[in-house]
Every structure is written in structure tokens, then in C-alpha cells.
Amino acid sequence: MGAIIFPYRYASSRGESGRARAARSARSSRAPTDGIKDYDLFSFDATDLSWEAEDAVIQAAKPAFAGLPAEVEIRNEARVHLWYEEKFGTPCPAHTSTEDAIDSFAATTCCLGIRLEPGGRWRVYAPHGLSDVFNLVVRPNAVLAPRSVYEAKAGRWRRQWPELTVLPWPSAAT
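Under the numbering used here, the residues of the sequence shown are numbered 1 to 174, in order.
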């Protein structure tokens with residue numbers, strides 16, 4: 001696979017990171033790829049917020065991911081505020097960085113990104129730590145996503161991994 005350059009890139013997922021799913025599957029004696037339908041690559045480029053600019057990056061990257069067993073979605077987190085309210089029913093302030101976007105995901109296990117730094121070192125960004133990932137806990141992160149989004153995702157994950165402990169949405173954050 002050739003190199004693709006994304007500014008401030010992370011592999012993550014707004015739904016839940018593939019890394020979290022892989023860890024959960026491994027802890028549940030399943031194949032690490034079990035339950036992974038897609039991977040997200042996040043960039044942050046506020047210099048051009050047009051769909052055309054984002055789509056140009058998506059199209060340029062498609063050949064690099066052809067043939068993978070899961071879909072790869074590329075998103076510019078600088079653009080999220082342009083479509084979030086229409087999709088999820090709540091306004092989203094413009095993110096200031098990829099990390100800022102990751103901080104707002106619906107569950108602590110979603111708030112996880114990994115990227116390859118210059119020099120070949122991996123950087124893990126996990127503002128809530130990794131204990132929920134490894135202890136099979138789904139905990140709400142009531143920063144941006146509506147309760148209905150968290151509950152739908154948590155319900156789907158619990159059907160796939162019945163051994164999960166799914167914590168309720170905080171009553172003060174309804």
C-alpha cells in the first residue's frame with residue numbers, strides 16, 4: 001500500500017473504533033476482526049471545507065484500500081459541523097482539531113484514535129483511557145451525541161457482544 005498523507009490523521013471511528021472492537025473480540029475469545037464493518041480515517045483540514053475537497057482525498061485513497069475485508073471511510077473532521085445537525089438532530093460546534101472531534105464521540109470506547117507519527121512511532125489518543133475498552137464496558141460520553149444515538153449504538157454492540165456492561169445515559173444529560 002502506498003503512502004497517503006492526511007494532515008493530523010487518525011484511524012478511528014465515530015461509531016466505535018475498529019481497535020476497540022478488535023480488543024473486545026479478543027477479550028471475548030473471538031477473531032480480532034469479528035464485528036468490524038468499517039474503519040475511519042480522520043483528517044483535519046480547515047483550509048477548504050468543501051465536499052469536493054474532501055471527496056478528492058477519498059477518491060485518491062480508494063485504490064490503497066481496495067480489496068480490504070472492511071470498508072474504509074475518510075472524513076475531514078473540520079467539516080463535521082456542516083452536516084452533523086441534519087444527521088443527528090443536534091448542532092455541532094466547529095471542531096478545532098481531530099482530537100477535539102474524537103473527544104465528542106458518543107461513548108468512551110469511541111473516543112480512541114491511533115496514528116503513525118513521523119519516524120515510525122505510533123501515537124494513541126484516548127482521552128478517557130483504555131480501561132473501558134479492555135474491561136468490556138460501554139460508557140456514555142454525553143458531550144455532543146444525543147442520548148438516542150448512544151443507546152442505539154450501545155444496543156447494537158450488546159447484541160453482538162452480550163458480555164458487555166452497558167452503562168446508562170446520565171439522567172442530568174438527557
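In this text, a Cβ means the ideal position worked out from N, Cα and C, and glycines have one as well.
- Taken in chain order, the complete beta strand (DSSP E) segments of 3 residues or longer contained in the region 63-106 are 71-76.
- Beta-bridge annotation (DSSP): residue 113 is paired with 125.
- At a Cβ-Cβ threshold of 8 Å, residue 97 and residue 44 count as neighbours.
- Checking the DSSP bridge columns, you'll see residue 140 partnered with 107.
- Taking C-beta atoms as the reference points, residue 85 and residue 93 fail to come closer than 8 Å.
- Residue 126 and residue 107 have their C-alpha atoms spaced approximately 12 Å apart.
- For residue 38, the enclosing beta strand (DSSP E) begins and ends at 38-43.
- Residue 165 has 137 as its beta-bridge partners, per DSSP.
- Counting along the chain, no alpha helix (DSSP H) covers residue 50, and no H or E run does either.
- With contacts defined by Cβ atoms closer than 8 Å, residue 40 and residue 75 form a contacting pair.
- Membership of residue 148 in the alpha helix (DSSP H) is indicated by the continuous run 147-160.
- Two segments are said to touch when three or more pairs of C-beta atoms, one from each, lie closer than 8 Å; by this definition the region 111-123 does not touch the region 159-174.
- Here residue 132 carries a helix assignment [DSSP, helix/strand/coil].
- With a threshold of 16 other beta carbon atoms within 10 Å, residue 148 falls short and is exposed.
- Taking a C-beta distance under 8 Å as the contact criterion, residue 72 and residue 65 qualify as a contact pair.
- With a contact defined as Cβ atoms closer than 8 Å, residue 70 and residue 37 qualify at about 6 Å.
- Taking the C-beta atoms as reference points, residue 77 is found nearer than 8 Å to residue 101.
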